[in-house]
Amino acid sequence: MNSAARVPGRAAIGARALRAVGPANDHDFRSARDELAAILRAEAVRVLTQNGIPAQSREDLAQAVTLSVLDRIIAGNVEPGFEDGYLAVAAKNRARDYHREASGVYEKTECYEEDFFASSGLDPHAAMERAEEERSEKALVDQVVLVLHTAPARYREVLTAVYLEGVPIDHLVDREVERESSEGTPYTDDTNVRARSDGHHASDVEAAIARRRRARARVDKLLQRARDWVRARVLAPRTTPPPPMMNEASR
68 MNSAARVPGR AAIGARALRA VGPANDHDFR SARDELAAIL RAEAVRVLTQ NGIPAQSRED
128 LAQAVTLSVL DRIIAGNVEP GFEDGYLAVA AKNRARDYHR EASGVYEKTE CYEEDFFASS
188 GLDPHAAMER AEEERSEKAL VDQVVLVLHT APARYREVLT AVYLEGVPID HLVDREVERE
248 SSEGTPYTDD TNVRARSDGH HASDVEAAIA RRRRARARVD KLLQRARDWV RARVLAPRTT
308 PPPPMMNEAS R
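Note that this note's numbering has the sequence shown beginning at 68, numbered continuously upward.
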(Lines of atoms letter the chains of each structure in order from A and count residues from 1; the text may use other names and numbers.)
(Lines give C-alpha, C1' and ligand atoms only; values in the text may rest on other atoms or scores of the structure.)
Protein backbone atom coordinates (compact mmCIF):
# COMPACT_ATOMS: atom_id res chain seq x y z
CA MET A 1 0.00 0.00 0.00
CA ASN A 2 1.29 3.41 -0.91
CA SER A 3 1.70 5.35 2.34
CA ALA A 4 2.06 8.55 0.34
CA ALA A 5 -1.45 8.26 -1.12
CA ARG A 6 -3.21 11.56 -1.05
CA VAL A 7 -6.05 11.78 1.46
CA PRO A 8 -9.11 13.39 -0.16
CA GLY A 9 -10.31 16.63 1.38
CA ARG A 10 -13.83 17.50 2.43
CA ALA A 11 -14.67 19.10 -0.90
CA ALA A 12 -13.42 16.05 -2.81
CA ILE A 13 -15.52 13.76 -0.62
CA GLY A 14 -18.58 15.97 -1.09
CA ALA A 15 -18.07 16.08 -4.86
CA ARG A 16 -17.69 12.30 -4.95
CA ALA A 17 -21.01 11.92 -3.12
CA LEU A 18 -22.65 14.32 -5.56
CA ARG A 19 -21.40 12.36 -8.57
CA ALA A 20 -22.50 9.09 -6.98
CA VAL A 21 -26.07 10.32 -6.59
CA GLY A 22 -26.34 11.80 -10.07
CA PRO A 23 -28.91 14.33 -11.32
CA ALA A 24 -31.49 11.62 -12.04
CA ASN A 25 -32.40 11.51 -8.35
CA ASP A 26 -33.50 15.13 -8.01
CA HIS A 27 -34.07 15.28 -4.24
CA ASP A 28 -30.88 13.46 -3.25
CA PHE A 29 -28.87 15.34 -5.86
CA ARG A 30 -29.99 18.71 -4.52
CA SER A 31 -29.23 17.60 -0.96
CA ALA A 32 -25.72 16.46 -1.93
CA ARG A 33 -25.17 19.64 -3.91
CA ASP A 34 -26.23 21.87 -1.03
CA GLU A 35 -23.95 19.95 1.33
CA LEU A 36 -21.03 20.41 -1.07
CA ALA A 37 -21.86 24.11 -1.36
CA ALA A 38 -21.68 24.46 2.42
CA ILE A 39 -18.27 22.75 2.44
CA LEU A 40 -16.95 24.98 -0.34
CA ARG A 41 -18.27 28.12 1.34
CA ALA A 42 -16.66 27.28 4.70
CA GLU A 43 -13.32 26.62 3.02
CA ALA A 44 -13.60 29.79 0.93
CA VAL A 45 -14.20 31.86 4.06
CA ARG A 46 -11.16 30.27 5.70
CA VAL A 47 -8.86 30.97 2.74
CA LEU A 48 -10.16 34.52 2.32
CA THR A 49 -9.59 35.16 6.02
CA GLN A 50 -6.02 33.87 5.76
CA ASN A 51 -5.46 36.20 2.82
CA GLY A 52 -6.52 39.32 4.69
CA ILE A 53 -10.04 39.89 3.36
CA PRO A 54 -11.98 42.09 5.84
CA ALA A 55 -15.13 40.70 7.43
CA GLN A 56 -17.45 43.13 5.64
CA SER A 57 -16.38 41.79 2.24
CA ARG A 58 -15.63 38.19 3.13
CA GLU A 59 -19.15 36.74 2.87
CA ASP A 60 -19.89 38.20 -0.56
CA LEU A 61 -16.56 37.03 -1.96
CA ALA A 62 -17.01 33.58 -0.42
CA GLN A 63 -20.45 33.30 -2.01
CA ALA A 64 -19.09 34.26 -5.44
CA VAL A 65 -16.21 31.77 -5.16
CA THR A 66 -18.56 29.03 -3.95
CA LEU A 67 -21.02 29.43 -6.80
CA SER A 68 -18.27 29.64 -9.41
CA VAL A 69 -16.44 26.51 -8.19
CA LEU A 70 -19.65 24.56 -7.56
CA ASP A 71 -20.84 25.30 -11.07
CA ARG A 72 -17.54 24.03 -12.51
CA ILE A 73 -17.66 20.86 -10.40
CA ILE A 74 -21.21 20.08 -11.51
CA ALA A 75 -20.24 20.72 -15.13
CA GLY A 76 -17.35 18.24 -14.77
CA ASN A 77 -14.65 20.85 -15.30
CA VAL A 78 -12.72 20.02 -12.12
CA GLU A 79 -10.61 16.87 -11.97
CA PRO A 80 -12.12 14.48 -9.38
CA GLY A 81 -10.07 14.52 -6.20
CA PHE A 82 -8.68 18.02 -6.79
CA GLU A 83 -11.73 20.00 -5.68
CA ASP A 84 -10.11 21.26 -2.47
CA GLY A 85 -7.05 22.58 -4.27
CA TYR A 86 -9.18 24.14 -6.99
CA LEU A 87 -11.29 25.94 -4.39
CA ALA A 88 -8.21 27.18 -2.53
CA VAL A 89 -6.66 28.60 -5.70
CA ALA A 90 -9.94 30.26 -6.72
CA ALA A 91 -10.30 31.88 -3.29
CA LYS A 92 -6.68 33.07 -3.28
CA ASN A 93 -7.10 34.57 -6.74
CA ARG A 94 -10.26 36.35 -5.66
CA ALA A 95 -8.45 37.70 -2.58
CA ARG A 96 -5.58 38.91 -4.76
CA ASP A 97 -8.00 40.66 -7.10
CA TYR A 98 -9.75 42.27 -4.14
CA HIS A 99 -6.50 43.69 -2.76
CA ARG A 100 -5.44 44.95 -6.20
CA GLU A 101 -8.77 46.68 -6.71
CA ALA A 102 -8.69 48.18 -3.23
CA SER A 103 -5.20 49.56 -3.80
CA GLY A 104 -6.09 50.96 -7.22
CA VAL A 105 -3.45 49.01 -9.13
CA TYR A 106 -5.71 47.22 -11.57
CA GLU A 107 -4.15 49.20 -14.39
CA LYS A 108 -1.66 47.06 -16.24
CA THR A 109 1.87 48.28 -15.67
CA GLU A 110 4.93 47.81 -17.82
CA CYS A 111 7.90 46.50 -15.84
CA TYR A 112 11.40 46.84 -17.19
CA GLU A 113 14.46 45.41 -15.55
CA GLU A 114 17.06 48.14 -15.04
CA ASP A 115 19.91 45.81 -15.84
CA PHE A 116 18.32 44.35 -18.98
CA PHE A 117 20.78 45.91 -21.40
CA ALA A 118 23.63 45.48 -18.91
CA SER A 119 23.27 41.70 -18.86
CA SER A 120 26.56 40.08 -19.79
CA GLY A 121 24.86 37.33 -21.79
CA LEU A 122 22.65 39.64 -23.86
CA ASP A 123 22.62 39.20 -27.63
CA PRO A 124 22.50 42.73 -29.17
CA HIS A 125 20.64 41.45 -32.24
CA ALA A 126 18.03 39.76 -30.06
CA ALA A 127 17.67 42.96 -28.04
CA MET A 128 17.02 44.94 -31.22
CA GLU A 129 14.44 42.41 -32.39
CA ARG A 130 12.74 42.55 -29.04
CA ALA A 131 12.67 46.35 -29.12
CA GLU A 132 11.14 46.24 -32.61
CA GLU A 133 8.50 43.77 -31.47
CA GLU A 134 7.66 46.02 -28.54
CA ARG A 135 7.28 49.01 -30.87
CA SER A 136 4.99 46.99 -33.15
CA GLU A 137 2.93 45.84 -30.20
CA LYS A 138 2.64 49.40 -28.91
CA ALA A 139 1.52 50.61 -32.34
CA LEU A 140 -1.14 47.91 -32.43
CA VAL A 141 -2.29 48.81 -28.92
CA ASP A 142 -2.50 52.48 -29.90
CA GLN A 143 -4.57 51.54 -32.93
CA VAL A 144 -6.92 49.40 -30.84
CA VAL A 145 -7.36 52.19 -28.30
CA LEU A 146 -8.13 54.65 -31.11
CA VAL A 147 -10.78 52.33 -32.55
CA LEU A 148 -12.12 51.68 -29.06
CA HIS A 149 -12.96 55.37 -28.67
CA THR A 150 -15.44 55.03 -31.56
CA ALA A 151 -17.07 51.85 -30.25
CA PRO A 152 -20.64 51.74 -28.91
CA ALA A 153 -20.67 52.52 -25.19
CA ARG A 154 -21.49 48.99 -24.03
CA TYR A 155 -18.63 47.54 -26.12
CA ARG A 156 -16.20 50.23 -25.02
CA GLU A 157 -17.03 49.79 -21.32
CA VAL A 158 -16.61 46.00 -21.21
CA LEU A 159 -13.40 45.98 -23.28
CA THR A 160 -11.88 48.81 -21.25
CA ALA A 161 -12.71 47.03 -18.00
CA VAL A 162 -11.27 43.65 -19.04
CA TYR A 163 -8.29 44.58 -21.22
CA LEU A 164 -7.20 48.03 -20.08
CA GLU A 165 -8.14 48.07 -16.40
CA GLY A 166 -7.60 44.34 -15.84
CA VAL A 167 -10.93 43.73 -14.11
CA PRO A 168 -11.48 39.94 -13.83
CA ILE A 169 -14.41 38.60 -15.84
CA ASP A 170 -15.78 37.02 -12.66
CA HIS A 171 -16.20 40.53 -11.27
CA LEU A 172 -18.27 41.53 -14.30
CA VAL A 173 -20.37 38.42 -13.77
CA ASP A 174 -20.85 39.39 -10.11
CA ARG A 175 -22.11 42.82 -11.18
CA GLU A 176 -24.47 41.28 -13.73
CA VAL A 177 -25.85 38.91 -11.08
CA GLU A 178 -26.41 41.84 -8.73
CA ARG A 179 -28.10 43.83 -11.49
CA GLU A 180 -30.44 40.96 -12.34
CA SER A 181 -31.28 40.34 -8.70
CA SER A 182 -31.91 44.00 -7.87
CA GLU A 183 -33.78 44.99 -11.03
CA GLY A 184 -35.79 41.83 -11.53
CA THR A 185 -34.88 41.63 -15.22
CA PRO A 186 -36.69 39.31 -17.66
CA TYR A 187 -33.75 36.92 -17.36
CA THR A 188 -34.95 35.90 -13.91
CA ASP A 189 -36.92 32.68 -14.17
CA ASP A 190 -37.08 31.63 -10.55
CA THR A 191 -40.66 30.41 -11.04
CA ASN A 192 -39.57 27.92 -13.67
CA VAL A 193 -36.39 27.02 -11.81
CA ARG A 194 -38.14 26.45 -8.51
CA ALA A 195 -41.22 24.61 -9.73
CA ARG A 196 -41.10 20.87 -8.97
CA SER A 197 -43.73 18.15 -9.44
CA ASP A 198 -43.30 16.98 -5.85
CA GLY A 199 -44.36 20.40 -4.59
CA HIS A 200 -40.91 21.23 -3.24
CA HIS A 201 -38.95 24.34 -4.15
CA ALA A 202 -35.38 24.24 -5.37
CA SER A 203 -32.85 25.59 -2.93
CA ASP A 204 -31.45 29.09 -3.04
CA VAL A 205 -28.17 27.56 -4.22
CA GLU A 206 -29.84 26.18 -7.36
CA ALA A 207 -31.43 29.54 -8.16
CA ALA A 208 -28.12 31.32 -7.55
CA ILE A 209 -26.26 28.93 -9.86
CA ALA A 210 -28.86 29.47 -12.57
CA ARG A 211 -28.56 33.25 -12.23
CA ARG A 212 -24.77 33.09 -12.39
CA ARG A 213 -24.82 30.90 -15.49
CA ARG A 214 -27.14 33.33 -17.23
CA ALA A 215 -24.96 36.27 -16.18
CA ARG A 216 -21.78 34.54 -17.39
CA ALA A 217 -23.40 33.75 -20.74
CA ARG A 218 -24.43 37.38 -21.20
CA VAL A 219 -20.97 38.71 -20.28
CA ASP A 220 -19.24 36.21 -22.60
CA LYS A 221 -21.61 37.09 -25.46
CA LEU A 222 -21.07 40.82 -24.98
CA LEU A 223 -17.29 40.39 -24.85
CA GLN A 224 -17.30 38.30 -28.03
CA ARG A 225 -19.39 40.84 -29.91
CA ALA A 226 -17.20 43.69 -28.67
CA ARG A 227 -14.00 41.87 -29.70
CA ASP A 228 -15.44 41.10 -33.14
CA TRP A 229 -16.45 44.74 -33.58
CA VAL A 230 -12.96 46.02 -32.76
CA ARG A 231 -11.16 43.27 -34.69
CA ALA A 232 -13.12 44.00 -37.87
CA ARG A 233 -12.05 47.64 -37.75
CA VAL A 234 -8.44 47.04 -36.72
CA LEU A 235 -7.93 44.50 -39.52
CA ALA A 236 -9.77 46.58 -42.12
CA PRO A 237 -7.63 47.80 -45.08
CA ARG A 238 -5.68 50.94 -44.24
CA THR A 239 -7.31 52.70 -47.19
CA THR A 240 -10.64 52.48 -45.42
CA PRO A 241 -11.37 55.78 -43.66
CA PRO A 242 -11.81 55.55 -39.89
CA PRO A 243 -15.33 55.76 -38.46
CA PRO A 244 -16.49 59.38 -38.02
CA MET A 245 -15.95 60.78 -34.56
CA MET A 246 -19.03 63.01 -34.85
CA ASN A 247 -22.52 62.57 -36.17
CA GLU A 248 -22.79 63.53 -39.84
CA ALA A 249 -25.66 65.87 -38.96
CA SER A 250 -23.32 67.96 -36.79
CA ARG A 251 -21.15 69.00 -39.73
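Virtual Cβ for every residue (Gly too), placed ideally from N, Cα, C.
Note that the structure is a prediction, hence the values are computed from the model and not measured.
Pick from the options that is closest to residue i, judged by C-alpha positions
i: ASN160; options: PRO147, ILE120, GLY143 and PRO90; result: ILE120
i: ILE106; options: GLY81, GLN130, PHE96 and GLN117; result: GLY81
i: GLY76; options: VAL212, GLU150 and ILE236; result: GLU150
i: ALA67; options: GLN130, GLU102, HIS238 and ARG86; result: Here the chain has residues from 68 to 318 only, and residue 67 is not among them.
i: GLY148; options: ILE276, ARG83, PRO219 and ARG300; result: ARG83
i: ALA87; options: VAL297, ILE141, GLU224 and LEU115; result: ILE141
i: HIS166; options: VAL145, LEU128 and GLY143; result: LEU128
Span separating the alpha-carbon of residue i from that of residue j
i: ALA78; j: ARG246; result: 30 Å
i: TYR230; j: SER98; result: 40 Å
i: ALA282; j: ARG242; result: 9 Å
i: GLU157; j: THR133; result: One detail in the question is off: residue 157 reads as Ala in this sequence, not Glu. Going from the Cα of ALA157 to the Cα of THR133 covers about 9 Å.
i: ALA274; j: ASP209; result: 43 Å
i: SER124; j: LEU154; result: 18 Å
i: LEU103; j: LEU137; result: 8 Å
i: LEU115; j: LEU289; result: 30 Å
i: ALA49; j: ARG292; result: What is shown of the chain runs 68 to 318, which leaves residue 49 out entirely.
Where residue i falls, given that 16 or more other Cβ within 10 Å makes a residue buried
i: GLU180; result: The predicted position of GLU180 is uncertain, since its pLDDT is 40 and thus under 50; no value can be drawn from it.
i: SER249; result: exposed
i: ASP271; result: exposed
i: ASP295; result: exposed
i: ARG91; result: Checking the sequence shown, residue 91 turns out to be Ala, not Arg. So ALA91 counts as exposed.
i: LEU302; result: exposed
i: ASP237; result: buried
i: ALA299; result: exposed
i: ARG100; result: buried
i: ARG163; result: exposed
i: SER186; result: At SER186 the pLDDT is 43, less than 50, meaning the model places this residue with poor confidence and gives no usable figure here.
i: ALA122; result: exposed
Proximity of residue i and residue j at Cβ, strictly below 9 Å
i: VAL234; j: GLU168; result: yes
i: LEU213; j: LEU226; result: no
### Message
Please give me, in chain order, every unbroken run of the alpha helix (DSSP H) with length at least 4 that falls completely inside the segment 71 to 107.
### Response
77 to 88
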